[in-house]
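Read through the structure below, which is laid out as structure tokens, and then see the notes.
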Amino acid sequence: ATTFKLGYAPLSNRSLIIELLKKGYKQAEINALDLAHNIRGENRDRFFGRLMFPIEDARGNIVGFGGRALSKEGKPKYLNSSQTPLFNKSRQFYGLNLAKTDIVNDDQAILVEGYTDVISMHKGGFKNTVATLGTALTPDHVQILARFCSSAVMLYDSDAAGLKAAERSVEFINLTNLELLVAVLPEGDPDDYILSKGSKKLKEVLVNAVPVMDFCISQIIENADLSTSKKRLLAINKALNLIASLRNAILEQEYLQKLAKLVNVPIQGLTVEYNKKKKPDKENTAVKQSLTAVEKAENLLLAILAEKPDLAKNNRIVEPEDFFDEQNRELFKLLLANEGKDISKIVDETENALLVKRLSALCFETKPKNVKEAYIDLNKRIKGFALKREINKMKNVLEKTNPVDNQRQYDKLFKQLIALEAKRRDLEKISVGA
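Going by the numbering used here, the first residue of the sequence shown is number 4, and it counts up by one from there.
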């Protein structure tokens, strides 16, 4: 309990708020860190009547909490901090600050699912164990672990959820040099297994861990009904879909051969079917879609503003610096500086050939029927995109700032981050021009 700094949240739903207000913290700061939330105008503690598990980053700074209900009536049984300026569950592990030295020394991490599993594993001698926080393994998790070791064993309970979690992690195989392995307990969870069978038996389970793709393919085939050709084909197709997510020609060929042996089908036939299933690079597609969303919003707002310049008088919250595209930023400045002028006159008076070309193209953009409503919505969206960029930039700076060596700078950056998060939340509530 001392090592993991376990604690207790009293039954009163305002105990923490009262204590923090006494220490000089503002209610807005308490809420921003998800230590409290406002329900129908009343601020209440997020955690009460719970056993508390502090969640620390790799440096040992507390960034969030997990709480287990102490009564049957407490719902949900486990409750984590929501995302805050400090806490992002897709990037955090429970126990990493305590496990990192052993992970480096062993060149391997063990991944389990819960707080108590981590504590039991450490007590049992497996001090290189960490847990994800109520979420599946993410690309950020994989990249963080790759800094410490060359392999990670995902230790699953003996249920179907383990196979699903393993299948989701396949797409991360080529993200880094981290090798993802799977070990499955014959019964129970790690906490129960250590208590009933002991550390020696658990070590045997871990030694027999296999690469995640090998595990997934064998499980798909072993659990499938192969009694008819149609059912057999369904299982093969499921395995092929998984292999298609690898996006690595050498690994794809290796696993096609393994699958061919498992199902006793010629490799040529499998290859023909496989080539029909090749998927585009999801990561690159997501980036393109994300950039396109920003650019589309900016282009449409400029097109509307060029046609209806009067809209900018009472319905504008975006500033030139909110634009992601530099040329769009300059165009926005140009339109604001020539407010009220006809678009053709602005084109005639503008010397910058690139801006003239872009401005002329805007005239041919398809505009929505309700131009004013669209303009208001685009203002909010562009401002939101800009705030998100600022928040991410600030988080990166904050992560690189040591709170011990540079406490004043860290506190200053943290307050700026809280202010940006508050702006983003307020943006969702406002009606531009109201």
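Glycine residues also receive a C-beta, built at the ideal position from the N, C-alpha and C atoms.
Assignment of residue 213 by DSSP, reduced to helix, strand and coil, places it in the strand class. Between residue 212 and residue 185, the CB-CB gap stays under 8 Å. The continuous beta strand (DSSP E) containing residue 111 extends over residues 111-115. Nearest neighbour of residue 62 by Cα position, chosen from 8, 166, 406, turns out to be 406. Between residue 83 and residue 75, the C-beta spacing is not below 8 Å. The count of Cβ pairs closer than 8 Å, one atom from the segment 244-252 and one from the segment 171-181, reaches three, so the stretches are in contact. With contacts defined as CB atoms closer than 8 Å, residue 335 and residue 388 fail to qualify as a contacting pair. Under the three-state reduction of DSSP, residue 173 is assigned to helix. When DSSP states are grouped into helix, strand and coil, residue 276 belongs to the helix group.
Just so you know, the alpha carbons of residue 393 and residue 427 end up roughly 10 Å apart. With 16 or more neighbouring CB atoms inside 10 Å of its own CB, residue 132 falls in the buried class. Looking at the DSSP output, residue 41 bridges to 46. About 6 Å separates the beta carbon of residue 386 from that of residue 325, a gap short enough to meet the 8 Å contact definition. Ranked by Cα distance from residue 216, the options 261, 403, 148, 240 are led by 261. Your pair residue 148 and residue 101 does not check out as a contact, with CB atoms roughly 15 Å apart and the cut at 8 Å.
When the five nearest sequence neighbours on each side are left out, the beta carbons in the same chain lying within less than 6 Å of the beta carbon of residue 152 are those of 106, 110, 111, 112, in order along the chain.
Per DSSP, the beta-bridge partners of residue 53 are 12, 72.
Take residue 121, set aside five residues on each side of it, and the residues of its chain with a beta-carbon closer than 7 Å to its own are 97, 98, 115, 132, 133, 134, in chain order. Per DSSP, residue 254 is one residue of the alpha helix (DSSP H) stretching across 252-266.
Note that the C-beta distance between residue 161 and residue 189 is below 8 Å. In this structure, DSSP gives residue 349 a helical state, which the three-state scheme calls helix.
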